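S.K.: If you read the sequences in order, they're chains A and B. Our numbering applies: residue 1 is where the first sequence begins, and numbers increase by one. Our numbering applies: residue 232 is where the second sequence begins, and numbers increase by one.
Number of protein chains: 2
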Amino acid sequence: MTVDTPETLATEGAAQAPRRSRGRPRKTADERDDGNRRRELLTGAARLFRAQGFAGTSTRDIATAAGMRSGSPFYHFESKEALLAAVMLEGMQGALQRQNAALARLAPDAGLRERLRVLVRNHFDVLLGPDSDFIPVMLYEWRSLDATQRSEVNRLKDDYEAAWVPVLEALHATRQLAGDPLLARLMIFGALNWSVQWYAAPSGRTARSRARASLDELTTAALQLFLKEAA
Amino acid sequence: MTVDTPETLATEGAAQAPRRSRGRPRKTADERDDGNRRRELLTGAARLFRAQGFAGTSTRDIATAAGMRSGSPFYHFESKEALLAAVMLEGMQGALQRQNAALARLAPDAGLRERLRVLVRNHFDVLLGPDSDFIPVMLYEWRSLDATQRSEVNRLKDDYEAAWVPVLEALHATRQLAGDPLLARLMIFGALNWSVQWYAAPSGRTARSRARASLDELTTAALQLFLKEAA
DNA sequence: CCTACCGATCGGTAGG
DNA sequence: CCTACCGATCGGTAGG
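(1) If you draw a straight line from the alpha carbon of Asp216(A) to that of Arg117(A), how long is it in whole angstroms?
(2) So the candidates are Lys459(B), Gly298(B), Arg386(B); which of them puts its Cα closest to the Cα of Leu320(B)?
(3) If you follow the alpha helix (DSSP H) that Phe77(A) is part of, which residue opens it and which one closes it?
(4) So, is Gln99(A) buried or exposed, given that buried needs 16 or more other C-beta atoms within 10 angstroms?
(5) Please check the pair Leu186(A) and Leu177(A), which I expect to be a contact at CB under 8 angstroms, by giving their CB distance rounded to whole angstroms.
(6) Exposed or buried, what is Arg175(A) when buried is set at 16 or more other beta-carbons lying within 10 Å of its beta-carbon?
(7) Quick check for students: name the residue ranges of the alpha helix (DSSP H) that lie wholly in the region 119-153 of chain A, counting only runs of 4 or more.
(8) Which two residues bound the contiguous alpha helix (DSSP H) that contains Trp429(B)?
(9) With 8 angstroms as the limit, tell me which residues of the region 286-308 of chain B have their beta carbon closer than that to any beta carbon of chain A; keep them in chain order.
(10) Between Asp180(A) and chain B, is any beta-carbon pair separated by less than 7 angstroms?
(11) Do we get a CB-CB distance below 7 angstroms when we pair Gly360(B) with the residues of chain A?
(12) Confirm, please, whether the CB-CB distance from Ala277(B) to Phe365(B) is below 7 angstroms.
(13) Given this structure, state the Cα-to-Cα distance separating Gly53(A) from Ala338(B), to the nearest angstrom.
(14) Going by beta carbon distance, what residues of the same chain come within less than 7 angstroms of Gly35(A), once the five residues before and after it are set aside?
(15) Return the residue from the list Gln93(A), Ser70(A), Arg113(A), Gly71(A) that minimises the CA-CA distance to Lys228(A).
(16) In angstroms, rounded to a whole number, what distance separates the CA positions of Arg436(B) and Arg443(B)?
(17) Please name the residues in the region 403-428 of chain B whose beta-carbon is closer than 8 angstroms to at least one beta-carbon of chain A, in chain order.
(18) Roughly how many angstroms lie between the CA atoms of Asp146(A) and Leu225(A), to the nearest whole one?
(19) DSSP on Glu161(A), reduced to helix/strand/coil?
(20) Check whether the Cβ atoms of Leu279(B) and His307(B) sit closer than 7 angstroms, and answer yes or no.
(21) Would you kindly report the start and end of the unbroken alpha helix (DSSP H) that includes Asp447(B)?
(22) Taking the continuous alpha helix (DSSP H) assigned at Ala63(A), which residues delimit it?
(23) Taking only beta-carbon positions, decide if Leu456(B) is within less than 7 angstroms of chain A.
(24) Hey, out of Thr219(A), Leu128(A), Thr220(A), Glu161(A), whose CA is closest to Tyr199(A)'s CA?
(25) In or out: Ser363(B) buried (at least 16 other Cβ within 10 Å) or exposed?
(26) Do Gly208(B) and Ala55(A) have their C-beta atoms within less than 7 angstroms of each other?
(27) Which of helix, strand or coil does DSSP assign to Ala404(B)?
(28) With a threshold of 7 angstroms between beta-carbons, can Gly342(B) be considered close to chain A, or not?
(29) By the three-class DSSP mapping on this structure, what secondary structure does Glu229(A) have?
(30) DSSP state of Pro339(B), grouped into three classes?
(31) State the Cα-Cα distance for the pair Asp390(B) and Glu161(A), rounded to the nearest angstrom.
(32) Would DSSP call Met299(B) helix, strand or coil?
(33) Under the three-state reduction of DSSP, which class applies to Ala333(B): helix, strand or coil?
(34) Leaving aside the five residues before and after Gly23(A) along the sequence, list all residues of the same chain whose C-beta is less than 8 angstroms from its C-beta, in chain order.
(35) Can the beta-carbon of Arg346(B) be found closer than 7 angstroms to that of Thr450(B)?
(36) Could you name the residues of chain B that Lys228(A) contacts, counting a contact when the two beta carbons are closer than 7 angstroms?
Dropping the structure here:
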């Protein structure tokens with residue numbers, strides 16, 4: 001696999017000299033490429049926004065990561081903010097799809113605790129698994145969006161959280177979850193979302209790893225922490 | 232109390248420039264003013280860093296907030312990063328002092344649950360109470376520090392968290408807290424720290440308030456969520 | 001998508 | 001702490 005150089009990501013400088021020269025036949029009828037270039041911008045921007053923050057990342061950084069010149073990202077996106085919004089929307093749509101798929105895989109007679117386990121496990125995957133730069137960017141950079149973009153993202157986020165509400169309320173009704181379910185939900189998401197700050201990926205690209213647990217182990221720990229004994 | 236400036240903590244730079252210059256009578260014996268100006272920069276920077284992020288805040292913004300011209304903050308701080316580090320160190324020292332004071336106020340025979348309640352309640356106060364910009368900045372902007380500054384901040388943070396460890400371990404030993412205590416601590420801090428993202432202060436200066444609970448109510452909800460019945 | 005640019009803003013400094 | 005300034009970098013655009 002890895003056909004060509006799918007992750008060259010040329011930090012910077014690597015693509016400073018004039019890539020290809022003037023004559024340039026340029027990909028004749030290669031329309032797919034347009035979509036690919038856009039996607040490279042999106043994934044590169046997600047990675048950089050996560051690592052350096054939105055304001056700390058220049059559009060030149062993003063262009064370089066995609067092997068482009070400084071002005072070229074604006075052929076694909078209206079503005080830096082539009083790129084950020086696209087990263088977040090892309091991330092939320094993927095997260096929603098994965099959550100729906102995970103829930104669909106549940107047995108029809110699955111219990112409440114099992115339902116919550118699947119939601120939590122999927123959420124850890126969305127936060128910490130492969131290609132997991134999009135949602136952390138959404139979680140930690142949403143204040144850089146304007147009101148319109150924010151409400152678009154929030155609509156998807158509300159959908160995502162909506163799947164949790166009946167599960168948490170039913171757990172509360174059966175005394176397996178204590179306290180106001182709204183506050184419980186906010187605190188549970190906090191406990192999970194915070195893992196972005198301290199979790200060291202198994203492949204180890206973060207510094208100061210404080211916990212070397214698998215995502216399954218994190219899921220177990222979370223359920224143990226939140227849930228009471230079944231009645 | 233607080234005789235003079237017992238917590239100036241002069242991160243760095245404070246004693247680099249020749250402080251006072253040639254002509255200019257300049258406030259004769261007004262030593263307090265120096266400290267006050269420095270403090271105004273710190274509190275203004277904390278507020279702006281929290282609201283706009285570190286990279287999204289210019290040193291000119293900070294100067295204006297303190298009623299200064301654009302170059303003047305650099306008379307008090309070596310660099311923008313030094314200002315950020317000072318905000319975080321100031322915040323952590325205050326948080327540690329308040330935590331120690333809260334624990335000292337506990338009755339000697341206070342139970343484990345009461346100890347945890349005091350820690351959680353104080354933490355909410357540090358995150359969301361008056362003058363609570365410093366710690367959120369530390370939590371959400373620490374990646375902008377260099378390694379040296381980061382380790383200074385981390386030393387204080389480790390001290391702060393050290394007070395929680397025996398309490399959580401004792402609660403675990405008595406079956407009031409389930410699961411690995413290390414992961415439990417990380418998730419509990421996540422649940423609390425995340426409140427910075429959604430809690431609307433009673434005076435209401437944040438948008439999109441999702442929960443109008445008091446800090447006491449948040450504390451109760453947290454303890455209900457995390458703790459099992461006493462044996 | 002590149003070339004060639006622009007105006008604005010940024011962190012920081014010399015000298016008083 | 002202000003005045004006056006600097007080089008670097010930024011987001012973005014015209015025109016092909």
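In this text, a Cβ means the ideal position worked out from N, Cα and C, and glycines have one as well. Note that the coordinates shown come from a computational prediction; the quantities given were computed from them, not determined experimentally.
M.R.: Judging by the given coordinates:
(1) Cα to Cα, the separation comes out at about 10 angstroms.
(2) Nearest option by C-alpha distance: Arg386(B).
(3) No alpha helix (DSSP H) contains Phe77(A), which DSSP labels as neither H nor E.
(4) Label assigned to Gln99(A): buried.
(5) Actually they do not touch by this definition, with Cβ atoms about 13 angstroms apart.
(6) That one is exposed.
(7) Those alpha helix (DSSP H) runs which fall completely within the region 119-153 of chain A and span 4+ residues are 134-141.
(8) Start and end: 426-429.
(9) For the region 286-308 of chain B, which is checked against every Cβ of chain A, the residues closer than 8 angstroms are Ala286, Gly287.
(10) For Asp180(A), the answer is yes, since a Cβ of chain B falls inside 7 angstroms of its Cβ.
(11) Under the Cβ distance rule, Gly360(B) does not count among the residues neighbouring chain A, no pair being separated by less than 7 angstroms.
(12) Against a cut-off of 7 angstroms, the Cβ pair of Ala277(B) and Phe365(B) comes out as a contact.
(13) The alpha-carbon separation between Gly53(A) and Ala338(B) amounts to approximately 45 angstroms.
(14) So the list is empty, once near-sequence residues are dropped.
(15) Restricting attention to Gln93(A), Ser70(A), Arg113(A), Gly71(A), the CA atom closest to the CA of Lys228(A) is found in Arg113(A).
(16) Reliability of the predicted coordinates at Arg436(B) is poor, the pLDDT of 43 falling under 50, and no value is obtained from them.
(17) Within the region 403-428 of chain B, the qualifying residues are Leu408, Ala409, Gly410, Asp411, Leu413, Leu414, Ala415, Leu417, Met418, Ile419, Phe420, Gly421, Ala422, Leu423, Asn424, Trp425, Ser426, Gln428.
(18) Taking the straight line from one Cα to the other gives about 36 angstroms.
(19) Correct three-state label for Glu161(A): helix.
(20) Between Leu279(B) and His307(B), the C-beta gap is not smaller than 7 angstroms, which leaves the two residues out of contact.
(21) 446-457 is the span of the alpha helix (DSSP H), which, as asked, contains Asp447(B).
(22) Here the alpha helix (DSSP H) through Ala63(A) covers 59-65.
(23) Answer yes: the Cβ-Cβ gap between Leu456(B) and chain A drops below 7 angstroms somewhere.
(24) Nearest of Thr219(A), Leu128(A), Thr220(A), Glu161(A) to Tyr199(A), Cα basis: Leu128(A).
(25) With 16 or more Cβ atoms within 10 Å of its Cβ, Ser363(B) is classed as buried.
(26) Any property of residue 208(B) remains undetermined from this structure, which presents chain B solely from 232 to 462.
(27) In the structure shown, Ala404(B) sits in a helix (DSSP, three-state: H, G or I).
(28) Contacts with chain A at 7 angstroms (Cβ-Cβ) do not include Gly342(B).
(29) Looking at Glu229(A) - three-state DSSP - the assignment turns out to be coil, as it is neither helix nor strand.
(30) It is coil, neither helix nor strand.
(31) Asp390(B) and Glu161(A) have their C-alpha atoms some 35 angstroms from each other.
(32) Coil.
(33) Reduced to three states, the DSSP call for Ala333(B) is helix.
(34) The predicted position of Gly23(A) is uncertain, since its pLDDT is 33 and thus under 50; a value taken from the coordinates is nonetheless stated next. Annotation for Gly23(A): no residue places its beta carbon closer than 8 angstroms to its own, counting only its chain and skipping 5 residues before and after.
(35) Cβ distance not < 7 angstroms, so Arg346(B) and Thr450(B) don't count as in contact.
(36) Under the 7 angstroms cutoff, chain B gives Lys459.
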